[in-house]
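Under UniProt numbering, think of the first position of the sequence shown as 1, with each following residue one higher. Note that CB positions come from ideal geometry on N, CA and C, so glycine has one too. The structure appears right after this line, and notes come after that.
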Amino acid sequence: MPRTVRDVVFVDGVRTPFGKAGPKGVYHETRADDLVVKAIRELLRRNPGLDPKKIDEVAIAATTQIGDQGLTIGRTAGILAGLPTSVPGYSIDRMCAGALTAVTSVAGSVAFGAYDIAVAGGVEHMGRHPMGEGWTPTRAS
1 MPRTVRDVVF VDGVRTPFGK AGPKGVYHET RADDLVVKAI RELLRRNPGL
51 DPKKIDEVAI AATTQIGDQG LTIGRTAGIL AGLPTSVPGY SIDRMCAGAL
101 TAVTSVAGSV AFGAYDIAVA GGVEHMGRHP MGEGWTPTRA S
């Protein structure tokens, strides 16, 4: 049986502004998951015809998956944004290409019919979680 590849359409893009890292940054006290939640809520607000129950997946990337950037942030952010608990989510760590990987992963799933609607993106709050935080390199002897 031949496989059909569907066209993938990107409906909207939402992002938060960049800010200076560190204690002087405007977002220093803002949690990373709060930034993602605001973006998802804004996406839903700007697209009132999108029924949150019809979202098939939330894929969010974060390089340093610790604290407020951890806990399977795709799932956590979806729930905190008000999506139904029936909407699954996952996290991706692909360093600087994480958000791109999240988008292309769900796009492939839409193209091959696994999903109809998905939310994808990334977060990195370097002021709260410097890259590599919580990781100590060790050598095998």
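Nearest neighbour of residue i, chosen from the options [CA to CA]
{"i": "T85", "options": "S91, A77, I92", "result": "A77"}
{"i": "A39", "options": "L71, V58, R3", "result": "V58"}
{"i": "T101", "options": "I117, L35, G121", "result": "G121"}
{"i": "R41", "options": "H28, K24, V14", "result": "V14"}
{"i": "P23", "options": "G70, G127, P137, N47", "result": "G127"}
Cβ-based burial, residue i [other Cβ within 10 Å; buried from 16]
{"i": "G82", "result": "exposed"}
{"i": "G134", "result": "exposed"}
{"i": "A61", "result": "buried"}
{"i": "R45", "result": "exposed"}
{"i": "V119", "result": "buried"}
{"i": "G108", "result": "exposed"}
{"i": "V5", "result": "exposed"}
Cutoff 6 Å; reference residue i; Cβ partners in own chain excluding five residues on either side
{"i": "D68", "result": "R31, A32, D33"}
Residue i - DSSP class collapsed to helix/strand/coil
{"i": "A121", "result": "A small correction: the amino acid at residue 121 is Gly; Ala does not occupy that position in the sequence shown. Correct three-state label for G121: strand."}
{"i": "A111", "result": "helix"}
{"i": "G89", "result": "strand"}
{"i": "V14", "result": "coil"}
Sequence-distant residues of the same chain with beta carbon closer than 7 Å to residue i, five excluded per side
{"i": "T63", "result": "D93, M95, G98, E124, M131"}
Spatial neighbours of residue i in its chain, beta-carbon cut-off 8 Å, leaving aside the 5 residues before and after
{"i": "T104", "result": "none"}
Proximity below 7 Å, CB of residue i to CB of residue j
{"i": "A111", "j": "V8", "result": "yes"}
{"i": "I55", "j": "V87", "result": "yes"}
{"i": "Y90", "j": "G74", "result": "yes"}
{"i": "T16", "j": "L35", "result": "yes"}
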